[in-house]
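Notes follow once the structure below has been shown.
Protein chains: 2
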Amino acid sequence: MASMDSVTQAFSALSIQPAASTSHKETSSPAEWKEALKTDSSAPGDFELIKTLVFKPKTAKNATPVPLLVIAREETETSSGALGKKLSLKELRLASEDLLQEFFNLDKNSLSPLALDENTFPRVVTVVDSSIATSSSLFALHAQSSSSTVFLSGKDIVSYLKHLEKEDVKVQEIDFEALKTEAAAPAPTQRAAAPEKKKKEDAKIEGAIEIAIGVKKEVDFPAWYTNVLIKADMLDYYSVSGCYILKPWSYSIWEHIQEWFNARIKEMGVENAYFPMFVSSKVLEREKDHIEGFSPEVAWVTRAGQSELEEPIAIRPTSETAMYPYYAKWIKSYRDLPLKLNQWNSVVRWEFKSPQPFLRTREFLWQEGHTAHLTKHEADREVLDILDLYRRVYEELLAVPVVTGIKSEKEKFAGGLYTTTIEGFIPTSGRGIQAATSHCLGQNFSRPEMFNIVVEDPNDPTGQGKTYVWQNSWGLSTRTIGVMVMVHGDNQGLVLPPRVASLQVAIVPCGITAKATDEERKRINDACLDLEKTLKKAGVRAKADLRDGYTPGYKFNDWEQKGVPLRLELGPKDLSNRQTVSVRRDNGAKSPLPLGEIETAVSKLLETIQSDMYTRAKDIYFSRLKAVTKWEDVVPTLDAKCVVVMPWCEVEKCEDDIKERSGRGAEQTDERAPSAGAKSLAIPFDQSRWPAIEHGVTKCPACGQDAKRWTMFGRSY
Amino acid sequence: MASMDSVTQAFSALSIQPAASTSHKETSSPAEWKEALKTDSSAPGDFELIKTLVFKPKTAKNATPVPLLVIAREETETSSGALGKKLSLKELRLASEDLLQEFFNLDKNSLSPLALDENTFPRVVTVVDSSIATSSSLFALHAQSSSSTVFLSGKDIVSYLKHLEKEDVKVQEIDFEALKTEAAAPAPTQRAAAPEKKKKEDAKIEGAIEIAIGVKKEVDFPAWYTNVLIKADMLDYYSVSGCYILKPWSYSIWEHIQEWFNARIKEMGVENAYFPMFVSSKVLEREKDHIEGFSPEVAWVTRAGQSELEEPIAIRPTSETAMYPYYAKWIKSYRDLPLKLNQWNSVVRWEFKSPQPFLRTREFLWQEGHTAHLTKHEADREVLDILDLYRRVYEELLAVPVVTGIKSEKEKFAGGLYTTTIEGFIPTSGRGIQAATSHCLGQNFSRPEMFNIVVEDPNDPTGQGKTYVWQNSWGLSTRTIGVMVMVHGDNQGLVLPPRVASLQVAIVPCGITAKATDEERKRINDACLDLEKTLKKAGVRAKADLRDGYTPGYKFNDWEQKGVPLRLELGPKDLSNRQTVSVRRDNGAKSPLPLGEIETAVSKLLETIQSDMYTRAKDIYFSRLKAVTKWEDVVPTLDAKCVVVMPWCEVEKCEDDIKERSGRGAEQTDERAPSAGAKSLAIPFDQSRWPAIEHGVTKCPACGQDAKRWTMFGRSY
């Protein structure tokens, strides 16, 4: 983006004198912006808003996109269909926040013509509403931030843009009125959806100011997802692509998971340790099968200060090969078994596919457990014990249902013996998501030609026998948070399950009118603080929101957007009735609660919310698991956003075929979208939900061979 | 190292047939090794041990050292002085474990002539005791591990070595008997110190097997330090130089520190977050002063998979420049202040000086707090609040005394306004150590030409004023653990302060003789388990050590070496007296404790140990703070392993002079040793310990100018 300094310099060179400029609170919709300016004494009495939209045309996967930046009057209809036709650009879509950050280092709400400068202007196609130049209105433009505004004449705006022109890059003026009559394609943009949304919200939340998520979950799920994350203060984009900042609102969820999981694995005798983030290339490449899966994504350090390193050093994509040479050193006797280590760290997988916050990022936080056992039996048991902890993290903490099962040979961890998994499901996209995995590595890494982790076998009657240790590895990452957001969030924003919410109860003072005395105000505020204190004492994470200068409606919306499970409203009338009004975030249900035994009531209500959220999500997931026994039902089932469960032959070739055949014809319009072909998600442990498979009778609907087990197939992340 | 497979192949090619080979428990001294072999039925009746020593000659700092590997009979006197003279190698010193790992991937106890192969042989100078070739003895050699041994004739050993010779690299045979008469320099090697040590320990711990630390703390402090870390199971060397594995025994200390510190900063309103480990070069280089300090040590990622990155990306050496662009974005109003974020992460500083575990490592764990405030007053106060928490981590958790103060201009954090510090002290080396720092960055990073973090000033009466935010950053690293080890450890190994010990009490069953019945054995073991349970229930981290096949003496030594604060011995006699015998790790004091109210007694005793450890360390530290007012006393005070406290002028040029003048003449014999010149450690906050400085009267002993404050100068890490 242009710094405001450089913009000011340009203005002075061009003799542009803004009619006014002002700062105000951050705004996240045109309505809010207008509102803020109307109450701002330094703003002119009459003005129009400028809207700045960025579209991304369909671009070949590896090509650099050239975004289209459209500058128009707020009221002008800017149909992307008509615009695309006019400019011969295919499939214009509103750009992701990702792309905005990449090009302009600004969020959607802060964007304006002033985001263009010497650097950015040549990289985009700029279109300006031709009616701006000739208008006598004053226009409001954001000054690199949604919380500051400058007022310019239309002529000045155009003159600013023109000064950026080079011989080969010009501003294009378009008459949108004319365009409208030329083509009549509807404009499926965010802005178009807003009015309807506004109405709905007004009906729902009394007195609420609109702090819109901007897009509906059902309409543009990827945009909804990133909007929720940004607006709920979970995350911010970062200057290194594919990396994100985890803000306290999301990191605290991770801390809850850590605390819960740590306590349980320590009970199992697992100890935490820390291995370096670096792996020498020699060590990394020791296990061929294993590393094949990772090598295209490994980040290499080749230089330190000004010195080239003699050998490049990898940043761990996972730590099997980094740790196991030491396991070989430390495990000298069966008495040293089991060895159970875990570490909480970050790993780096330099994906070239488009990143998605929490789900696919170049650096992510996780825990990785690595254990060694004397017997297969012991290793097998631990694999399942850990898987069950993972299930409980999802189901009990995040209120997200999962299905436990085993991965197919094709989908298992490279180099391991078998992989168990918990599979989640995102109803909105109809896609499965691998939620966490617990692998049995067998003796594949302990073999003599590998790491040679060997002990005398105490159970060998001859006393001469040696045995290679049995190993497991298991990991759970911050993907947990992304899945939780996708499953529970709604069009008001985030919905947090109480057990992981860093704030469980927001207490909002209400009913303080303009003519309330200071004393009345204090009485209500004090009652809110008392309530906070009472709840905190009972272990409830509560906070009285006594911020000055914000209406209760604004606060309601703010906490809803951030997903706080329960709101308690406290006004003068409530106080005299010795009650508070509770409003559940998950379903909007309101009910009065007596202040008398409020701790008990609130704790109970939070548990109810937690359990209702889980039950609701589970019902949806399970209703979308569709038993399919004929091939022709597979694609329609997937298209209906369901998971196919079919009696499967478990042959790898058949899995490849299924993926290929089920993906055929489906068009990949958004490069962020995961693949359209179905892959096997899991072979559920609990086969009893479906009719028993008769050996030699039940056939695989994909290839006609004998079916072995009911297997989940689906599109996935 | 040579793999045993390749050794076996060489043997077969050379027709070498070992007389025997065997596995046994890991051994860590010649005495223990001999003991293990004597009771081993597959070992021959008569044999001699082979000792393998590696020396490092003095090498120019950036040159690759060529170690000297000496193979001799255990009984042969191998004087490094005489040897150095003979071979014209300067200042031979026993190689560090680091170097052994680097060259042979083996620890000292596993080293043998068989560590030499095609790869390693040309990289070292090999010297062999000439009496080996002609001896008729069978020799015991470790087979790449201190827990396995092969027996070879002297001829076979020489023949193995000879087969590795190349035209330009030969084995040198030396007659050590003759050498001894040639020169008479004493041999200050580890081995030479062992017999005396053994005697001392035998006298101290009844029935103890020697598990020696190998070197005395006072004799070879660096070797003692690494030995303690390895033998106490705190750490292991790693295949990437300068990086170390933190094993559970040390990592759990870090977890204790985390838990304590986290609770306290959260009370202060600090929230945890996570920023990516990567920093773009553009961002990193934004603050010139700041980055100058780090740029020679920054590790750069330049490649991902097979693709060269367009721009190299740094791994954070610290996160100021990575975080502050977002602070500028997030802080829009004074209402967004204070912003207080902290993260627990690892940072990378690719030091080219020799690494030292915990004290100077290329990757280390720490927390970094970054806060922004409206006023200087608020920032100042937080700097001190945090510093006080750091002081308490050292003093209350680690029982390590520190002095709080402020850094000189020269020593402050680059780019900041001022740096406060807690300075520790290592009595054995007489060196100061920076234990943790809390910086006020002032407005240096928020200025418009920097990150431009600005808000409207709510206190400005005109309502027009802007103010740049005041920032702090503060960090505490795993260096804590190294300092704790150095301060408290002794010649038996680690000594852990109870509050951070992952195991506080080891319960050892005693007095079970060979003729004890199973029932008696069970009765004692059960009593130990009961005791464990009772203590655990009272919140004491206790464990009954019921390992089979180890004597009580072995267990005593094992837990002493690992630093467990308290041992409880429980034998049949104790049981009938309803008591247990407690033995303190810190001072060896034994006393019986009645089993009746054991939880209370043990908890109290642990607190006493904690407080005694602190008091002892504090008395030593404070006795070594020497007020100095004449320049001629400075170097003698430093040489007496003390810290100089002098009334100082606080002029940077003077500090440079002091360093230069106090370092002059002191020879740098060990490249791992920190610099010999003294630098300013801290200007203590509490100046009242020393006579009041009279303005214009008290002069700086270094330059004769007016003194400002008493300042600590010392050699340091």
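Going down the list, the protein sequences come from chains W and D.
By UniProt numbering, the letter at position 515 of the first sequence is numbered 515, and the numbering carries on one by one without gaps.
By UniProt numbering, the letter at position 459 of the second sequence is numbered 459, and the numbering carries on one by one without gaps.
Beta carbons are placed, not taken as given, at the ideal position from N, Cα and C, and that holds for glycine.
Spell out a yes or no on whether the stretch 86-94 of chain W and the stretch 136-148 of chain W are touching, meaning 3 or more CB-CB pairs, one atom from each, closer than 8 Å. These segments do not touch.
CA-to-CA distance, L235 (chain D) to F352 (chain D), given in whole angstroms: Distance between the alpha carbons of F352 (chain D) and L235 (chain D) is about 21 Å.
Is any beta-carbon of chain D found at less than 8 Å from that of Y334 (chain W)? For Y334 (chain W), the answer is no, since every Cβ of chain D falls outside 8 Å of its Cβ.
Check for me: the beta strand (DSSP E) holding C440 (chain W) runs from which residue to which? Where C440 (chain W) is concerned, the enclosing beta strand (DSSP E) stretches over R431 to G442.
Relative to the C-alpha of L417 (chain W), which candidate in W:Y390, W:T437, W:V403 and W:T428 has its C-alpha closest? The candidate whose alpha carbon is nearest that of L417 (chain W) is W:T437.
Is R672 (chain D) helix, strand or coil by DSSP? Model confidence at R672 (chain D) stands at a pLDDT of 46, short of 50, so the residue's coordinates are unreliable; what they give is reported in the following sentence. DSSP places R672 (chain D) in the coil class of the three-state scheme, outside both helix and strand.
I'd like to check one pair, I253 (chain W) with V500 (chain W): are the Cβ atoms closer than 8 Å? Yes; because the gap between Cβ atoms is below 8 Å, this pair is in contact.
Answer with yes or no whether the minimum CB distance from Y418 (chain W) to chain D is below 8 Å. By this cut-off, Y418 (chain W) is not an interface position.
Out of curiosity, what's the CA-to-CA distance linking T480 (chain W) and L246 (chain W)? Their Cα atoms are separated by approximately 13 Å.
Extract the residue ranges of the beta strand (DSSP E) inside the stretch 482-526 of chain D, only unbroken runs of 3 or more that lie entirely within it. Runs of the beta strand (DSSP E) spanning 3 or more residues and lying entirely within the stretch 482-526 of chain D occur at 505-509, in chain order.
Is the separation between the beta-carbon of G305 (chain D) and that of S295 (chain W) shorter than 8 Å? The answer is yes: Cβ separation under 8 Å.
For R392 (chain W), which option in W:E411, W:A435, W:A328 and W:H373 has the closest C-alpha, if you only look at C-alpha atoms? Checked all of W:E411, W:A435, W:A328 and W:H373; the closest Cα to R392 (chain W) is W:A435.
Helix, strand or coil at W350 (chain W) according to DSSP, with G and I counted as helix: It is coil, neither helix nor strand.
Burial state of G588 (chain W), where buried means 16 or more other Cβ atoms lie within 10 Å: By the 10 Å Cβ count, G588 (chain W) comes out exposed.
Check this for me: beta carbons of W366 (chain W) and E297 (chain W), under 8 Å apart or not? By the CB criterion at 8 Å, W366 (chain W) and E297 (chain W) fall outside the cutoff.
For A589 (chain D), does the three-state DSSP call read helix, strand or coil? Of the three classes helix, strand and coil, the one that applies to A589 (chain D) here is coil, per DSSP.
Taking only runs of the beta strand (DSSP E) that begin and end inside the stretch 358-420 of chain D, which ones reach a length of at least 3 residues, in chain order? DSSP runs (the beta strand (DSSP E)) wholly in the stretch 358-420 of chain D: 363-373 and 403-406.
Does the CB of C243 (chain D) have a neighbour CB from chain W at under 8 Å? It does; some Cβ of chain W falls within 8 Å.
Roughly how many whole angstroms lie between the Cα atoms of I315 (chain W) and V402 (chain D)? If you take the alpha carbons of I315 (chain W) and V402 (chain D), they lie about 36 Å apart.
Collapsed DSSP secondary structure at E48 (chain D) in the structure displayed: The answer is strand: DSSP assigns E48 (chain D) an E or B state.
Min CB distance Y717 (chain D) to chain W below 8 Å: With 8 Å as the cut-off, Y717 (chain D) does not count as an interface residue toward chain W.
For G305 (chain W), which residues in chain D fall below 7 Å Cβ to Cβ? Counting only Cβ-Cβ distances below 7 Å, G305 (chain W) has contacts in chain D at S295, P296, E297, V298 and W350, in chain order.
Determine which residues of the stretch 309-330 of chain W have a Cβ less than 9 Å from any Cβ of chain D, and write them out in chain order. For the stretch 309-330 of chain W, residues whose beta-carbon sits nearer than 9 Å to a beta-carbon of chain D comprise L309, P312, I313, I315, A322, M323, P325, Y326, K329 and W330.
Is any beta-carbon of chain D found at less than 8 Å from that of N109 (chain W)? False, the Cβ-Cβ gap to chain D never drops below 8 Å.
I'd like the span of the beta strand (DSSP E) that includes R547 (chain D), first residue to last. First-last for R547 (chain D): undefined, no H or E at that position.
Those residues which DSSP pairs with N472 (chain D) across a bridge: According to the DSSP secondary-structure assignment, N472 (chain D) is paired through a beta bridge with D:T371 and D:C440.
Integer-rounded CB distance, given that N491 (chain D) should sit under 8 Å from K217 (chain D): With a contact defined as Cβ atoms closer than 8 Å, K217 (chain D) and N491 (chain D) qualify at about 6 Å.
Three Cβ pairs or more, each shorter than 8 Å: is that satisfied between the stretch 709-716 of chain D and the stretch 678-685 of chain D? Verdict: yes, contact present.
Extent of the continuous alpha helix (DSSP H) run through E285 (chain W): Under the DSSP assignment, E285 (chain W) falls outside any alpha helix (DSSP H); it carries neither an H nor an E label.
Roughly how many angstroms lie between the CA atoms of T189 (chain W) and G81 (chain W), to the nearest whole one? Low confidence applies to T189 (chain W): its pLDDT is 36, below 50, so where it sits in the model is not reliable, and the reading given next is rough at best. Each residue's Cα considered, the two are about 10 Å apart.
Evaluate contact between the stretch 466-481 of chain D and the stretch 516-527 of chain D, counting only Cβ atoms and requiring at least three cross-stretch pairs below 8 Å. A contact between stretches requires three or more CB pairs, one per stretch, nearer than 8 Å, and the stretch 466-481 of chain D fails this requirement with the stretch 516-527 of chain D.
Does the separation of the CB atoms of P312 (chain W) and T321 (chain W) fall below 8 Å? Cβ atoms of P312 (chain W) and T321 (chain W): not closer than 8 Å.
Go ahead and pull the three-state DSSP assignment for P448 (chain D). Coil, per DSSP.
Examine chain W for any beta-carbon lying closer than 8 Å to the beta-carbon of Y238 (chain D), and answer yes or no. Closer than 8 Å: yes.
Would you verify that the beta carbon of E287 (chain D) is, or is not, closer than 8 Å to some beta carbon of chain W? Chain W places no beta carbon closer than 8 Å to that of E287 (chain D), leaving this residue out of the contacts.
Would the stretch 639-655 of chain W count as touching the stretch 623-630 of chain W if we require 3 or more Cβ pairs under 8 Å? Taking 8 Å as the limit for Cβ pairs, the verdict is that the stretch 623-630 of chain W does touch the stretch 639-655 of chain W.
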